[in-house]
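As they're listed, the protein sequences go chains X and B. Just so we're aligned, residue 6 is where the first sequence starts under the working numbering, counting upward by one. Just so we're aligned, residue 3 is where the second sequence starts under the working numbering, counting upward by one. Backbone N, C-alpha and C define an ideal beta-carbon position, used for all residues, glycine too. All remarks here apply to the structure that follows.
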Amino acid sequence: MDKNELFKTAALAKLKLDDEEADKLAAEVSAMLDNFSAMMEADVEGLEPTTQTLQKENRTRSDSTGSSNLSNQLLDRVPEREDRFIVIPNVM
Amino acid sequence: MKYQSFVGLEIHIQLITETKVFCSCPNNFGDEPNTNVCPVCMGYPGALPSLNEEAVFKALKVSRALNCHINEKAVFERKNYFYPDMPKNYQISQFEFPFGINGYFDLELDDGSVKRIRIHDVHLEEDAGKMIHDAYQSRLDYNRAGTPLLEIVTEPDLLDGREAELFVQQFRQLVRYLEVTDGNMEEGSLRCDANTSINLPGKGLGTKTEVKNLNSSRFVNKALTYEIKRHAKVLDKGDTIVQETRLWDEGSSTTRSMRSKEDSHDYRYFPEPDLPPFRPDAALMARVEEAMIELPNDRKKRYEAELKLTSDQAVFITAEKNTADWFEAVLAAGADASQTAAWLSGDIQKILNKEGKSIEQSPFTPERIKELFDLINSNRISNNIGKDVLQAIFDEDRDPSAIVKEKGLEQVSDTGAVEKVVEEVLAAHRAVVDAIRAGEDKQIGFLMGQLMKATGGKVNPQLAREMIVNKIKRSE
């Protein structure tokens, strides 16, 4: 993989890479992409894309609220809070 | 302008449902922060989404009302982006197979002509959470994360800011009629992004920019008008437009560049493995068909053509579905269309505005209004007294006949009784009577005024007027 493309991909994932890491990863990511390319070569002419194998029928849920509320337990697991807000470093 | 301009809109509406679109948390984001959250909408590993059938129904309703082709198979996809407004690091949306595609909306322009605007697609997705930023920190509230959002994308068929403004207004009216959203732009339940480009005529679309942060239809117009002029200036100088997202700033009435966003392919859409594709079946589509109502523009045309309302009255009455439904209920009770329209757009609206109530929450039931008209039309009360009775219906929440009876408002139509009062008034104003006799007919109005004052407005005005004229002439 081209290093510029790698840096762009890393930026989209909000990852910081230094040059050394980039060199190492470029080779690894290239190997992964080669594997995908090999899959891309398979002949799928006339096959409908499969995204689900188990569920063939529509599965929906009625529009009514659940009985349990886990919000307090979820908030207890948050690293930093202010009242009920979750607090993180400024991302703006 | 020597350029041709093109405008397309992306409109998001928050759907009215009890619960979020992929989990059973309440769809109620005004609550205390992070109360309506669960492992699904907080993105916990292993938690599985499940599709809200009411959100599907409403998505199909809008697709159908916008004349879309309904995809045989609707597929949900993951739109990947890393920003803390979505705890999963992706938004479940639709990309390749949305619910509705290739529709249209017939837009009524200022000159009354109709322009067909093509709809690219209607897709269902989840809203993001809310963030509040200060200098050092961002505070997150995920009550809104995962609430159902419907996005409607038009083709770039709109000409300019004014057409886009009209589209937003008429589209808003449509989705409010369909009762899928409250459509409140200021509160964000209807949000609009606008794309625009310009080019020399015949050259097709130019390089587009997108404007965000448009929370009223007027801002949509202003921002696009500004943006189209800005594009023209850039091209006139021989420069090129940079494709980017810009933010409308109402304070300065300008747009400014926003940090650049991901390109569509950067989102790396792929089918959501946790949700099977959804195939709308015949039974569901029959329900959608049944839910189709007369659309606002059709209703307006019918009121003008069949009920002979003035254009202003028809526009006013059909602006909100509840007003038009109420109007039809009064007609169903047996009232006359013109009389109902005149009172509704006049005195009834005046009282509702003053009191800040909507018609269906007011004491003005269709039956009471019909009864009020009967009292007026049978000359039991005058039109003017009718207005007082209307106010009393609102204030006292009672039937008009009871009010008229209790307050003794029924007008006097008994000839003997009217004659007695007329004679008293004539005797008290000899000079005026002489003037009328001398040809000053205008003064009859003065005598009528005196008569009404003496009787508290309860005399049948037609009868009294005839009597005054006859008496003066007879004694000539």
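Residues bridged to residue i [DSSP beta-bridge criterion]
i                      : result
residue 142 of chain B : X/91 and B/133
residue 267 of chain B : According to DSSP, which records beta bridges pairwise, residue 267 of chain B is partnered with nothing at all.
residue 193 of chain B : B/14
residue 272 of chain B : B/80
residue 251 of chain B : B/256
residue 6 of chain B   : B/201
residue 116 of chain B : B/110
residue 233 of chain B : Its beta-bridge partners do not exist; DSSP assigns none.
residue 155 of chain B : B/12 and B/123
residue 41 of chain X  : None; residue 41 of chain X has no bridge partner.
residue 128 of chain B : B/150
residue 280 of chain B : B/76
residue 160 of chain B : B/9
residue 28 of chain B  : B/21
Proximal residues of chain B, C-beta to C-beta of residue i below 9 Å
i                     : result
residue 44 of chain X : Those within 9 Å of residue 44 of chain X in chain B number zero; the least Cβ separation is about 14 Å.
residue 69 of chain X : 20, 21 and 26
Reduced DSSP secondary structure (H/G/I, E/B, other) of residue i
i                      : result
residue 109 of chain B : strand
residue 431 of chain B : coil
residue 46 of chain B  : coil
residue 301 of chain B : helix
residue 310 of chain B : coil
residue 228 of chain B : helix
residue 92 of chain B  : strand
residue 59 of chain B  : helix
residue 220 of chain B : helix
residue 372 of chain B : helix
residue 102 of chain B : strand
residue 212 of chain B : strand
residue 165 of chain B : helix
residue 414 of chain B : strand
residue 463 of chain B : helix
residue 150 of chain B : strand
residue 366 of chain B : coil
residue 402 of chain B : helix
residue 320 of chain B : helix
residue 176 of chain B : helix
residue 385 of chain B : helix
residue 55 of chain X  : coil
residue 86 of chain X  : strand
residue 346 of chain B : helix
Beta-carbon proximity list for residue i, same chain, < 7 Å, skipping 5 on both sides
i                      : result
residue 461 of chain B : 413, 414, 420, 423, 453 and 454
residue 80 of chain X  : 86 and 89
residue 183 of chain B : 15, 16, 17, 18, 177, 191 and 192
residue 186 of chain B : 192
residue 92 of chain X  : 85 and 86
residue 479 of chain B : Absent from the structure is residue 479 of chain B, since the part of chain B shown begins at 3 and ends at 478.
residue 401 of chain B : 370 and 373
residue 25 of chain X  : none
The ligand MG heavy atom lying under 6 Å from the CB of residue i
i                      : result
residue 308 of chain B : In the structure shown, the ligand MG is absent, as is every other ligand, since no ligand is present at all.
Beta-carbon neighbours of residue i, restricted to chain B and to distances below 7 Å
i                     : result
residue 87 of chain X : 141
Sequence-distant residues of its chain with Cβ nearer than 6 Å to residue i (five each side left out)
i                      : result
residue 19 of chain X  : none
residue 29 of chain B  : 19, 21, 22 and 149
residue 134 of chain B : 141
residue 349 of chain B : 389 and 392
Chain-ordered neighbours of residue i on chain B, where CB pairs are closer than 8 Å
i                     : result
residue 52 of chain X : The premise fails here: residue 52 of chain X is roughly 15 Å from chain B at the closest Cβ pair, so nothing lies under 8 Å.
residue 96 of chain X : 85, 86, 133, 135 and 140
Proximal residues of chain X, C-beta to C-beta of residue i below 9 Å
i                     : result
residue 52 of chain B : 64, 65 and 66
Closer than 8 Å at the beta carbon, the chain C residues around residue i
i                      : result
residue 280 of chain B : Looking at the structure shown, chain C is missing, and the protein chains on hand are X and B.
Chain X residues whose Cβ lies nearer than 8 Å to that of residue i
i                      : result
residue 36 of chain B  : 76, 79, 80, 89, 90 and 91
residue 44 of chain B  : 79
residue 41 of chain B  : 75 and 79
residue 330 of chain B : What residue 330 of chain B touches in chain X: nothing, since even the nearest Cβ is about 29 Å away.
residue 275 of chain B : 56 and 57
Contact list for residue i against chain X, beta-carbon separation under 7 Å
i                      : result
residue 182 of chain B : In chain order: nothing, as chain X lies at least about 13 Å away.
residue 268 of chain B : 17
residue 56 of chain B  : 68
Proximal residues to residue i (C-beta, below 8 Å), its chain only, five neighbours per side dropped
i                    : result
residue 1 of chain B : Nothing about residue 1 of chain B can be read from this structure; chain B reaches only from 3 to 478.
The stretch 276-290 of chain B contacting the stretch 53-65 of chain X, beta-carbon criterion three pairs below 8 Å: They touch, by the three-pair rule.
Is it the case that the stretch 121-129 of chain B contacts the stretch 169-188 of chain B, given that we only count it when at least three CB pairs across the two stretches are under 8 Å? No, they do not touch.
I'd like to know if the stretch 105-119 of chain B and the stretch 45-57 of chain X are in contact, where contact means that at least 3 CB-CB pairs between them fall below 8 Å. no
Counting Cβ pairs, one atom from each stretch, are 3 or more of them under 8 Å apart for the stretch 427-434 of chain B and the stretch 399-416 of chain B? no
Closer than 8 Å is the cut-off here; do at least three beta carbon pairs connect the stretch 64-76 of chain B with the stretch 90-103 of chain B? yes
Inter-stretch contact at 8 Å, needing at least 3 Cβ pairs: the stretch 211-227 of chain B / the stretch 321-337 of chain B: no
At a cut of 8 Å, does the stretch 5-15 of chain B reach the stretch 153-164 of chain B through at least three beta carbon pairs? These segments touch.
Can you confirm whether the stretch 75-95 of chain B touches the stretch 130-150 of chain B when touching is taken to mean that 3 or more C-beta pairs between the two stretches lie within less than 8 Å? yes
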